Amino acid sequence: MNRPAEPGDAVFAALADRTRRDILRMVSEHGPTTATALTSDLPISRQAIARHLSLLRAAGLVEADRSGRETRFVARPEPLDDLADWATTTGRRWEERLARLRESLRT
Amino acid sequence: MEQDLPEVHRSVELDADLTAVWDAVADPERRAGWLDDDEAAAREVRVESVDDGHALAWTWWHPDDPASASRVEIVLTELASGGTRVAVTERLVGTTGTITARASATATAGSLWVYRLLGLELVLFTARALVG
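First to last, the sequence lines map onto chains Y and L. Mapped onto my numbering, the consecutive letters of the first sequence carry residue numbers 5 to 111. Mapped onto my numbering, the consecutive letters of the second sequence carry residue numbers 36 to 167.
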């Protein structure tokens with residue numbers, strides 16, 4: 005079936021938390037970032053940040069790039085694209101359905 | 036203020052009166068006549084609520100993909116002109132079952148909490164932060 009991918013539950017779960025959204029925003033804006041670097045912008049521990057990053061990673065929203073002892077995180081937009089695609093496609097379908105409803109009431 | 040969920044809204048104003056529009060919306064056979072497309076026909080439907088002559092809500096999903104579940108609400112309003120406004124809201128809900136299965140790291144799984152913080156902010160954020 006050729007329907008757009010629905011955003012997965014893991015994406016919703018990952019984005020349900022405000023701190024995780026903040027972290028994702030920072031990673032998106034700053035480019036490759038370490039958990040340690042994020043501690044200067046957030047009032048939570050490095051361990052807490054690492055946990056959030058791990059959930060974002062499980063949802064496919066960030067990618068980890070390990071070089072030596074350092075892990076840098078990069079934002080991945082694809083899962084959010086799924087969400088935008090869902091809204092666009094769903095809206096278009098309703099426009100077509102409502103047009104058919106209008107048509108059916110004319111006859 | 037944050038919206039609860041990702042939602043889509045569409046509405047039309049029709050010349051037909053409320054009763055005629057309600058019949059076309061509420062009667063399953065007539066509804067299928069304008070509603071069904073590839074997507075709608077492939078979904079299982081569970082009607083959630085009926086407010087006679089006014090509103091209808093259902094949840095529907097692809098049988099092979101519980102995460103596709105969404106809730107549709109159709110509300111009819113009588114217009115001063117004698118016509119009828121049809122307002123549709125479709126909201127992605129997913130399912131608590133798949134959340135429970137996947138989100139082992141989130142102890143609060145099982146309720147709909149995960150969806151409550153998504154919405155407009157996220158869409159705006161997507162557009163702003165991920166371009167370039």
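For every residue, glycine included, the Cβ atom is placed at its ideal position computed from N, Cα and C. Remember, it's a predicted structure, so these values are computed and weren't measured experimentally.
So which residues on chain L does residue i lean against when the C-beta distance must stay under 7 Å?
i, result
"Y:T94", "V43, E125"
"Y:R61", "Correct list: empty, because the minimum Cβ distance to chain L is about 11 Å."
Kindly list, in the order they appear in chain Y, the residues whose Cβ is closer than 7 Å to that of residue i.
i, result
"L:W69", "R101, R104, L105, S108"
"L:A51", "L109"
"L:V85", "Within chain Y, no residue comes near L:V85; the closest Cβ sits about 18 Å away, beyond 7 Å."
"L:V110", "What L:V110 touches in chain Y: nothing, since even the nearest Cβ is about 13 Å away."
"L:A59", "L105, S108, L109"
"L:A55", "L109"
How is residue i classed by DSSP in three states: helix, strand or coil?
i, result
"Y:A63", "coil"
"L:L127", "strand"
"L:T135", "The pLDDT assigned to L:T135 is 29, lower than 50, so where the model puts this residue is not dependable, and the model offers no usable value."
"Y:S58", "helix"
"Y:I53", "helix"
"L:H30", "Here chain L covers residues 36 to 167 and nothing more, so residue 30 of chain L does not appear."
"Y:H34", "helix"
"L:D34", "This structure leaves residue 34 of chain L out entirely; chain L is present only between 36 and 167."
"Y:L87", "helix"
Once you ignore the five residues that flank residue i on each side, which residues in its own chain have a CB closer than 6 Å to its CB?
i, result
"L:G118", "E48, L49, D50"
"Y:L59", "A18"
"Y:E107", "none"
Looking only at its chain, what residues have a beta carbon closer than 8 Å to the beta carbon of residue i, apart from the 5 residues adjacent to it on each side?
i, result
"Y:I53", "I27, A39, L42, T43, L46"
"L:E93", "In the sequence on display, residue 93 of chain L carries Trp and not Glu. These residues qualify, in order along the chain: V80, R81, V82, E83, R106, V107."
"Y:R61", "E67, A68, F77"
"Y:V15", "A63, G64, L65, P83, L84, D86, L87"
Just the chain Y side, please: which residues come within less than 9 Å of residue i by C-beta, in chain order?
i, result
"L:A115", "The contacting residues do not exist; L:A115 stays about 19 Å from chain Y at best."
Under 7 Å Cβ to Cβ from residue i, same chain only, skipping five residues before and after it: list those, please.
i, result
"L:S103", "W96, H97"
"L:R78", "W95, W96, H97"
"L:T141", "In this prediction, L:T141 scores a pLDDT of 32, lower than 50, which makes its location untrustworthy; the coordinate-derived value is nonetheless stated afterwards. Here the set comprises nothing."
Relative to the C-alpha of residue i, which residue among the options is closest?
i, options, result
"Y:A79", "Y:A20, Y:G64, Y:I48, Y:R97", "Y:G64"
"Y:T37", "Y:R110, Y:E100, Y:T75, Y:I48", "Y:T75"
"L:A76", "L:V123, L:D86, L:P63, L:I109", "L:P63"
"L:D87", "L:I109, L:L70, L:D99", "L:I109"
"L:D100", "L:V121, L:L53, L:E74, L:A122", "L:E74"
So, residue i versus residue j, is the Cβ gap smaller than 9 Å?
i, j, result
"Y:R104", "L:G68", "yes"
"Y:L102", "L:S46", "yes"
"Y:W98", "L:E125", "yes"
"L:E42", "L:L111", "no"
"L:D72", "L:R65", "no"
"L:A55", "L:L91", "no"
Name, please, each residue of chain C whose Cβ falls closer than 7 Å to the Cβ of residue i.
i, result
"L:V82", "The structure shown contains no chain C; the protein chains it does contain are Y and L."
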